[in-house]
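The sequence shown: position 30 = 834 (the numbering used here), numbered continuously. For each residue, glycine too, the CB sits at the ideal point set by N, CA and C. On a predicted model such as this, the values are computed, not experimentally measured, just so you know. Here the structure comes first, spelled out in structure tokens, and everything after it is commentary.
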Amino acid sequence: MTTTRKRGKPWFLVQVVVATSTSIRLLSYTRTILRECLGIKATLVYKGKPRPSVFKNKLFRSKKRVFDLRISRFGDVKRLTRVVGFELARKQEKLDAAIAVGDKFGSGQDAVKEWTRRREHGTTEWILKKGVD
805 MTTTRKRGKP WFLVQVVVAT STSIRLLSYT RTILRECLGI KATLVYKGKP RPSVFKNKLF
865 RSKKRVFDLR ISRFGDVKRL TRVVGFELAR KQEKLDAAIA VGDKFGSGQD AVKEWTRRRE
925 HGTTEWILKK GVD
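Pasting the structure below:
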């Protein structure tokens, strides 16, 4: 879920990253399964080289390219949620909330207002604002 601008106007976009990997073969196979078994269109997106990271006080660098497998069509996102869903409750709740906003308000300025009324963008993801029901 994200808010952005499209043609200069606020835009609410519900998309799901199904998988992230350095293996294009694995992601392509997963995309084929989604398309043939569930009728869901997914797209491979190049994310670039991963940033250096620290683990147990050691710096690690990877030279491998990283890809996302994303679902961007709203109907396909809803189908994925209904058929597969997420095991992590916080991810499933956030996706359900985004779908509810998309169903009720569409993807324009009203949807952006509703989404940002209840959530704010943290360091890496959208989080529920404190004191909001």
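Cβ neighbour criterion (16 or more within 10 Å) applied to residue i
i: residue 902; result: buried
i: residue 844; result: buried
i: residue 900; result: exposed
i: residue 838; result: buried
i: residue 893; result: exposed
Residues near residue i by beta carbon distance below 8 Å, same chain, minus five either side
i: residue 834; result: 822, 823, 846, 873
i: residue 888; result: 842
Alpha-carbon to alpha-carbon, residue j and residue i
i: residue 826; j: residue 868; result: 6 Å
i: residue 878; j: residue 830; result: 24 Å
i: residue 859; j: residue 908; result: 43 Å
i: residue 906; j: residue 883; result: 14 Å
i: residue 840; j: residue 861; result: 44 Å
i: residue 916; j: residue 870; result: 30 Å
i: residue 933; j: residue 832; result: 37 Å
N- and C-terminal bounds of the beta strand (DSSP E) containing residue i
i: residue 846; result: Counting along the chain, residue 846 falls outside any beta strand (DSSP E), and DSSP gives it neither H nor E.
i: residue 802; result: Any question about residue 802 goes unanswered here, given that the chain covers just 805 to 937.
i: residue 908; result: From DSSP, residue 908 is part of no beta strand (DSSP E) but of the alpha helix (DSSP H) over 893-909.
i: residue 825; result: 820-825
i: residue 874; result: 870-875
i: residue 806; result: 806-810
Run of the alpha helix (DSSP H) containing residue i, from where it starts to where it stops
i: residue 921; result: 913-922
i: residue 886; result: 878-887
Own chain residues within Cβ distance below 7 Å of residue i, not counting five before or after
i: residue 913; result: 813, 814
i: residue 931; result: 923, 924
Spatial neighbours of residue i in its chain, beta-carbon cut-off 6 Å, leaving aside the 5 residues before and after
i: residue 876; result: 819
i: residue 856; result: 863, 865
i: residue 920; result: none
*Are three or more beta carbon pairs between the segment 805-815 and the segment 848-865 nearer than 8 Å?*
Result no; under three Cβ-Cβ pairs closer than 8 Å.
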